[in-house]
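Student:
As structure tokens, then:
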């Protein structure tokens, strides 16, 4: 039972480098999300994909791009990394419970710890 | 005012006592409410969900929802050292409808002392 798998688990980048964080889920969930978590800031939504083929901005999208490659995979790309993007990144997925779109508990991957020097 | 607000803690609780965590939210039309537990260095783990006013019990956990007062709480009975973690409140805010976006509070850190 893999659930939500994120790769890599750790990464160190230099300012200006690019990188793609990978996320895959095997629960046949429709929706997928990318969050960042910083001390004292809680979880903040970067981008989300309500269904295959759609993506939308969240609370803090600047400096990021996403691709919903298929129903299973949702990647997050940093085109030109900045020290302010040092954070822990979580991917999550969800599916409506009892056909209620507002009733979608999210299930999280183990996170990627990203440091940008 | 933050959209979902929690006391950051730490909430220090003796082993065996009841830990009481509160969360308030800004949007009266919100429908779905979730509690997540996050151990240090780990990912959030769903422990409770609640959708209707009143209490919902699951083992040692009880979630309480009062939509009129716009708060949701979590009680942890017979607290154990293994309950020491940060507890995140998450709300599906109607104002941010797209049906499936959650807004998280900053979390309450709980310390259970033996």
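Residue numbers (our numbering), protein chains in the order written: chain A, 1 to 117; chain B, 118 to 231.
The beta-carbon is built from N, C-alpha and C at its ideal position, and this holds for glycine as well.
Nothing here was measured: the structure is a model prediction, and the numbers come from that model.
(1) Using 8 Å for Cβ pairs, my map puts residue 189/B next to residue 180/B. What's the rounded Cβ distance?
(2) Output, in sequence order along the chain, the residues in the stretch 154 to 172 of chain B whose CB is closer than 8 Å to any CB in chain A.
(3) Short of 7 Å Cβ to Cβ, which residues in the stretch 136 to 155 of chain B face chain A?
(4) Against chain B, with Cβ distances strictly below 8 Å, would residue 53/A count as a contact?
(5) Anyone know if the C-beta pair for residue 115/A and residue 86/A falls short of 8 Å?
(6) Residue 92/A to residue 195/B, Cα distance in whole Å?
(7) Per DSSP, which residues does residue 172/B bridge with? Please list them.
(8) Short of 6 Å in beta carbon distance, which residues of its chain neighbour residue 200/B, apart from the five on each side in sequence? Order them along the chain.
(9) Based on the DSSP secondary-structure assignment, which residues constitute the bridge partners of residue 107/A?
(10) Using a Cβ cut-off of 7 Å, pull out every chain B residue sitting near residue 16/A, in sequence order please.
(11) Excluding sequence positions up to five away, which residues of its chain have a Cβ less than 7 Å from the Cβ of residue 177/B?
(12) Work out the CA separation of residue 137/B and residue 165/B for me, nearest whole Å.
(13) Compile a chain-ordered list of the residues in the stretch 174 to 198 of chain B whose CB is closer than 9 Å to at least one CB of chain A.
(14) Which class does residue 148/B belong to by DSSP, given the choice of helix, strand or coil?
(15) Looking at the C-beta of residue 61/A, does it have a partner C-beta in chain B at a distance below 8 Å?
(16) List the residues of chain A that residue 222/B touches, going by C-beta distances under 8 Å, in chain order.
(17) Since residue 25/A contacts residue 7/A with CB under 8 Å, what's their CB separation in whole angstroms?
(18) Assuming residue 109/A and residue 4/A are in contact, meaning their beta carbons sit under 8 Å apart, how far apart are those beta carbons, in whole angstroms?
(19) From this set, 84/A, 42/A, 71/A, 104/A, which residue's C-alpha is nearest residue 62/A's C-alpha?
(20) Determine the DSSP secondary structure at residue 84/A, reduced to helix, strand or coil.
(21) Can you give me the C-alpha to C-alpha distance between residue 209/B and residue 2/A, rounded to a whole angstrom?
(22) Using 8 Å as the threshold, is the C-beta distance between residue 77/A and residue 89/A below it?
Tutor: Working from what's here:
(1) 7 Å
(2) 159, 160, 161, 162, 163, 166, 168
(3) 148, 149, 151
(4) no
(5) yes
(6) 31 Å
(7) In DSSP, residue 172/B forms a bridge with 181/B.
(8) 193, 229
(9) 93/A
(10) Result: empty, since nearest Cβ-Cβ is about 28 Å, beyond 7 Å.
(11) 193, 194, 195
(12) 14 Å
(13) From the stretch 174 to 198 of chain B, no residue has a Cβ closer than 9 Å to chain A.
(14) coil
(15) no
(16) Near residue 222/B (Cβ distances below 8 Å), the residues of chain A are 42.
(17) With 8 Å as the limit, residue 25/A and residue 7/A do not qualify as a contact, their Cβ atoms being about 13 Å apart.
(18) 4 Å
(19) 84/A
(20) In the structure shown, residue 84/A sits in a helix (DSSP, three-state: H, G or I).
(21) Here the alpha carbons of residue 2/A and residue 209/B stand approximately 26 Å from one another.
(22) no
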